[in-house]
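Protein chains in written order, with the working numbering: chain A, 306 to 565; chain B, 306 to 565.
Beneath this line is the structure, given in structure tokens, with notes to follow.
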């Protein structure tokens, strides 16, 4: 039976604990600097809590540094264990952990909410070990919680992280801008929710460029000008509107040329 | 029993036909310029097809101009009927139809795919008639296919249309850019799909600004610089990356100030 130890008490830590708890993997304990939060996390999953990093058991199979990028190196340097130590960052090199004998990366491509009801089975997990054997251990672990394990090198993982920022952070920011624009006009963002859900679901079975519609895509200058007039007193959204409309026009022209 | 007539054979026309077919509303016929497509559309819904606009029956209750913004005025001027004539545009004024005695707007806030399985019941429909009575007729019609009828004036509808472009067209364009970036690095866009679905679903119960995560939101300059290096040979995505990251930083600072 594989045993794991989780360092951290944020959303990544909790989602990992929740996912592994439904498998045959033993969660040997959790460590967190914040004693109150760490205790409550440990109780939630009925596992031992360690508030001192020097007391962390040394013989677990895998240690998850489910921490912010900034905290990973510092905590790793204090962690003296024999098992495989991995971080869960999309951007950091595995070599930030090279003081360990066994190290690697275990990065799920997902943005975790407080709500633990994520269907982990469909979440791709990108893994990388410092040896063939360590990669195999991570693969065996990831296999237990997802149907989608990806063995990727550092460049590939960083490219995916960047793309994840584009489709998650930037998309969410478009929601923020639309929400704020509608609020300032006493209109409810709720009216856009069915459209937002449909926009995401549409690209499950359709290539994104085939799903594109709207004024910029059809070069409808009238509508684009009317929108820009509406945004005359909203320079921030106006700027984003112009940059993205121009980028769509550029792409739709490219697609037109490909069709000629 | 209310009777309607549909002009157009695009996705809006088909989704309206599909939605009304499941109600007590009678679809008296469809008109389209393209005889082959129009005939096939009429057969699909088992309703009469009219290829000549002068032969369209004059006594239906409501006529839907489910046409592109460019075609609406031209077709409306040829349409000589007694009933209420509406267009389905988010941007056009109802007054483009003012040669009709009874006119209005019937705009569902949704981007319709070829696939007809949209759950219309949750799609907000924005209506506006040129008289109280005509607004009531449109309300009665919309009530039959959705649980979310909105009586909005022109300004409000145009503001919503703009916001819909932001959350639909611009979001989809971010998918296009991410897809194209990943393809150029031999990585599959499929890896992002679970994240894309989660990103959309997250804001159903959470205000968008509370759902924001990522390097720009936490002012993580290291990651932002690494991403920009990765994009050194991709000026288009780099530009979008910078504009949206800056806009996120601006917003997260605003939220910080509000907390102080």
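Cβ coordinates follow ideal geometry from the N, Cα and C atoms, glycine included.
Once DSSP output is grouped into helix, strand and coil, what is the label at residue 417 (chain A)? Translated into positions along the first chain, residue 417 (chain A) becomes position 112. Here residue 417 (chain A) sits in coil by DSSP.
Determine the direct distance from the alpha carbon of residue 420 (chain B) to that of residue 390 (chain A), and round the result to whole angstroms. Stepping through the first chain from its first residue, residue 390 (chain A) is reached at position 85. Stepping through the second chain from its first residue, residue 420 (chain B) is reached at position 115. Using only the alpha carbons, I get a separation of about 47 Å.
is_contact[residue 502 (chain B), chain A] using C-beta, thresh 7 Å: Taking the second chain and counting its residues from 1, the one referred to as residue 502 (chain B) is at position 197. Chain A, which has a Cβ nearer than 7 Å to the Cβ of residue 502 (chain B), makes this yes.
How do the stretch 369-383 of chain B and the stretch 307-316 of chain B stand: do at least 3 beta-carbon pairs fall below 8 Å, yes or no? yes
Would you say residue 427 (chain A) reaches chain B, if we count a Cβ-Cβ gap shorter than 7 Å as a contact? Counting from 1 along the first chain, the entry for residue 427 (chain A) is found at position 122. Output row for residue 427 (chain A): interface = yes.
Give the residues from the stretch 476-499 of chain B that approach chain A closer than 7 Å (Cβ to any Cβ), ordered along the chain. 476, 477, 478, 479, 480, 481, 482, 483, 484, 486, 487, 490, 492, 496, 497, 498 and 499
Could you tell me how far apart the beta carbons of residue 443 (chain B) and residue 409 (chain B) are, in whole angstroms, since I believe they sit closer than 8 Å? Taking the first residue of the second chain as position 1, residue 443 (chain B) is located at position 138. Taking the first residue of the second chain as position 1, residue 409 (chain B) is located at position 104. 6 Å between Cβ atoms; contact.
Are residue 429 (chain B) and residue 450 (chain B) closer than 7 Å when you measure CB to CB? On the second chain, position 124 is the one that residue 429 (chain B) refers to. On the second chain, position 145 is the one that residue 450 (chain B) refers to. Taking 7 Å as the Cβ cut-off, residue 429 (chain B) and residue 450 (chain B) do not qualify as a contacting pair.
Which word fits residue 537 (chain A), buried or exposed, when buried means at least 16 other C-beta atoms lie within 10 angstroms of its C-beta? Position 232 of the first chain, counted from the start, is the residue given in the question as residue 537 (chain A). The residue in question, residue 537 (chain A), is exposed, as its Cβ has fewer than 16 Cβ neighbours within 10 Å.
Hey, is residue 569 (chain A)'s beta-carbon within less than 7 Å of any beta-carbon in chain B? Here chain A comprises residues numbered 306 to 565, so residue 569 (chain A) is not present and cannot be evaluated.
Start and end residues, beta strand (DSSP E) containing residue 331 (chain B): Start at 1 with the first residue of the second chain, and residue 331 (chain B) comes out as number 26. 331-336 is the extent of the beta strand (DSSP E) around residue 331 (chain B).
Residues that residue 411 (chain A) bridges to, as DSSP identifies them: Walking along the first chain from the start, residue 411 (chain A) turns up at place 106. DSSP lists A:432 as partners of residue 411 (chain A).
Other residues of its chain near residue 554 (chain B): CB distance less than 7 Å, five sequence neighbours each side excluded: Stepping through the second chain from its first residue, residue 554 (chain B) is reached at position 249. Hits under 7 Å: 521 and 524.
Can you check whether the C-beta of residue 470 (chain A) is within less than 7 Å of a C-beta belonging to chain B? In the first chain, counting from the first residue as 1, residue 470 (chain A) sits at position 165. Answer yes: the Cβ-Cβ gap between residue 470 (chain A) and chain B drops below 7 Å somewhere.
Where residue 398 (chain B) sits in the DSSP three-state scheme: Residue numbering aside, residue 398 (chain B) sits at position 93 when the second chain is read from its first letter. DSSP places residue 398 (chain B) in coil when its eight states are reduced to three.
Are there 16 or more other CB atoms within 10 angstroms of the CB of residue 550 (chain A), so buried, or fewer, so exposed? Taking the first residue of the first chain as position 1, residue 550 (chain A) is located at position 245. Under this definition residue 550 (chain A) is a buried residue.
Assuming residue 387 (chain B) contacts residue 423 (chain B) (C-beta within less than 8 Å), just tell me the rounded distance between them. Working through the second chain from its first residue, we reach residue 387 (chain B) at position 82. Working through the second chain from its first residue, we reach residue 423 (chain B) at position 118. About 31 Å separates the CB atoms of residue 387 (chain B) and residue 423 (chain B); that is not less than 8 Å, and the two are not in contact.
Among A:337, A:323 and A:434, whose alpha-carbon lies nearest the alpha-carbon of residue 349 (chain A)? Here the question's residue 349 (chain A) lines up with position 44 in the first chain. The option with the nearest alpha carbon to residue 349 (chain A) is A:323.
Does DSSP put residue 472 (chain B) in a helix, a strand or coil? What you label residue 472 (chain B) is simply residue 167 of the second chain in a count that begins at 1. The three-state secondary structure of residue 472 (chain B), taken from DSSP, is helix.
Could you tell me the distance, in whole angstroms, from the CA atom of residue 477 (chain A) to the CA atom of residue 483 (chain B)? On the first chain, residue 477 (chain A) is found 172 positions in, with the first residue counted as 1. On the second chain, residue 483 (chain B) is found 178 positions in, with the first residue counted as 1. Distance between the alpha carbons of residue 477 (chain A) and residue 483 (chain B) is about 15 Å.
Helix, strand or coil at residue 361 (chain A) according to DSSP, with G and I counted as helix: Start at 1 with the first residue of the first chain, and residue 361 (chain A) comes out as number 56. Residue 361 (chain A) falls in the coil class under three-state DSSP.
Comparing C-alpha positions only, which one of B:385, B:320 and B:434 sits nearest to residue 400 (chain B)? Start at 1 with the first residue of the second chain, and residue 400 (chain B) comes out as number 95. Of the candidates B:385, B:320 and B:434, the one whose C-alpha sits nearest the C-alpha of residue 400 (chain B) is B:434.
Taking only the alpha-carbon atoms, compute the straight-line gap between residue 485 (chain A) and residue 495 (chain A) and give it to the nearest angstrom. For the purposes of this step, residue 485 (chain A) is taken as the residue at position 180 of the first chain. For the purposes of this step, residue 495 (chain A) is taken as the residue at position 190 of the first chain. The straight-line gap separating the alpha-carbon atoms of residue 485 (chain A) and residue 495 (chain A) is approximately 12 Å.
Do we get a CB-CB distance below 7 Å when we pair residue 473 (chain A) with the residues of chain B? The residue given as residue 473 (chain A) occupies position 168 in the first chain. At least one chain B Cβ lies under 7 Å of residue 473 (chain A).
Chain B contacts made by the stretch 504-521 of chain A, where a contact means CB separation under 9 Å: 504, 505, 506, 507, 508, 509, 510, 511, 512, 513, 514, 516, 517, 518, 519, 520 and 521
Could you pull out every residue in the same chain whose Cβ sits closer than 8 Å to the Cβ of residue 404 (chain B), ignoring the five residues on either side in sequence? Along the second chain, read from residue 1 onward, the residue named residue 404 (chain B) stands at position 99. Excluding sequence neighbours, residue 404 (chain B) sits near 381 and 382.
Tell me the DSSP bridge mates of residue 350 (chain A)? As a working note, residue 350 (chain A) is residue 45 in the first chain. Residue 350 (chain A) pairs with nothing; no bridge assigned.
Could you name the residues of chain A that residue 416 (chain B) contacts, counting a contact when the two beta carbons are closer than 9 Å? Your numbering for residue 416 (chain B) matches position 111 in the second chain. Correct list: 500, 503, 504, 507, 516, 518 and 519.
Mind listing the chain B neighbours of residue 552 (chain A)? Cutoff is C-beta to C-beta under 7 Å, in chain order. Residue mapping note: residue 552 (chain A) aligns to position 247 of the first chain, counting from 1. Near residue 552 (chain A) (Cβ distances below 7 Å), the residues of chain B are 478, 541 and 545.
Please report the distance separating the alpha-carbon of residue 543 (chain A) from that of residue 544 (chain B). For the purposes of this step, residue 543 (chain A) is identified with residue 238 of the first chain, where counting begins at 1. For the purposes of this step, residue 544 (chain B) is identified with residue 239 of the second chain, where counting begins at 1. Going by C-alpha positions, residue 543 (chain A) is about 15 Å away from residue 544 (chain B).
Quick check on the burial criterion: 16 or more other C-beta atoms within 10 angstroms. Buried or exposed for residue 319 (chain A)? Here residue 319 (chain A) refers to the residue found at position 14 of the first chain. Under this definition residue 319 (chain A) is a buried residue.
Does the stretch 452-463 of chain B come into contact with the stretch 457-470 of chain A, if we say contact requires no fewer than three beta-carbon pairs (one atom in each stretch) closer than 8 Å? no
From what residue to what residue does the beta strand (DSSP E) around residue 308 (chain A) run? For the purposes of this step, residue 308 (chain A) is taken as the residue at position 3 of the first chain. From DSSP, the beta strand (DSSP E) with residue 308 (chain A) extends over 308-312.
DSSP-derived helix/strand/coil call for residue 464 (chain A): As a first step, residue 464 (chain A) must be located in the first chain, where it is residue number 159. Here DSSP, grouped into helix, strand and coil, assigns residue 464 (chain A) to helix.
Could one say the Cβ of residue 467 (chain A) lies closer than 7 Å to chain C's Cβ atoms, at least one of them? Absent from the structure: chain C. Protein chains present are A and B.
Checking contacts by CB at 7 Å: is residue 565 (chain B) closer than that to chain A? Counted from its first residue, the second chain places residue 565 (chain B) at position 260. Legend: pLDDT at residue 565 (chain B) = 49, less than 50; position of this residue unreliable, no value from coordinates given.
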